[in-house]
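Set out below in structure tokens:
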């Protein structure tokens, strides 16, 4: 799963990232999902997880975004955070790719020194054969 802050604003500062990731980890645990890795940079996050069969993906992402947004605002974790983007990306991979995905998410800071979130997202869409319309991308 991958989603951005509202308008890809760089508001998820390093100081509060670990707290945010722990909070989201708790949401996933409560939904019986197994979290493998979570990470990102100031304008987006990636979540590598096993989604429990009883949970609908759209519902899970909605719950994560709503609860974490409220938590951020109530606890004043990121002062300029205006919420999450309306949409998201969710891609499936073989369990054989798990270690590669975990490493990819761990290396987000290095990765984004050379590629923007938008470029990364378009690359993910192409990798999965998803035809996209530019007007729906931020």
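Residue numbers (this note's numbering): 1134 to 1271.
Beta carbons: idealized from backbone N, C-alpha and C, even for Gly.
Here the structure is a predicted model, which means the values were calculated and not measured.
Problem set entry | Meets three-Cβ-pair contact criterion under 8 Å: the region 1181–1197 and the region 1152–1164 | The region 1181–1197 is in contact with the region 1152–1164.
Exercise. What's the C-alpha gap between residue 1243 and residue 1251?
Worked result: Looking at the two C-alpha atoms, the distance is approximately 16 Å.
Exercise. Quick check: the region 1198–1213 against the region 1145–1159, are there 3 or more CB pairs under 8 Å?
Worked result: Touching, yes, given that three or more Cβ pairs across the two stretches are closer than 8 Å.
For this session: Look at the Cβ atom of residue 1178, then the Cβ atom of residue 1136, and state whether they are nearer than 8 Å.
Result: Closer than 8 Å, so yes.
Exercise. In whole angstroms, what separates the C-alpha of residue 1240 from that of residue 1230?
Worked result: When rounded, the distance between both Cα atoms is 16 Å.
For this session: Could you pull the start and end residues of the beta strand (DSSP E) that residue 1167 belongs to?
Result: Per DSSP, residue 1167 belongs to the beta strand (DSSP E) from 1167–1174.
Exercise. With burial defined as no fewer than 16 other Cβ atoms inside 10 Å of the residue's Cβ, what is the status of residue 1264: buried or exposed?
Worked result: With a threshold of 16 other beta carbon atoms within 10 Å, residue 1264 falls short and is exposed.
For this session: Specify the secondary structure class of residue 1214 as computed by DSSP and reduced to three states.
Result: Note: residue 1214 maps to coil in three-state DSSP.
For this session: Drop a sphere of 10 angstroms on the beta-carbon of residue 1197, count the other beta-carbons inside from all chains shown, and report buried for 16 or more, exposed for fewer.
Result: With 16 or more Cβ atoms within 10 Å of its Cβ, residue 1197 is classed as buried.
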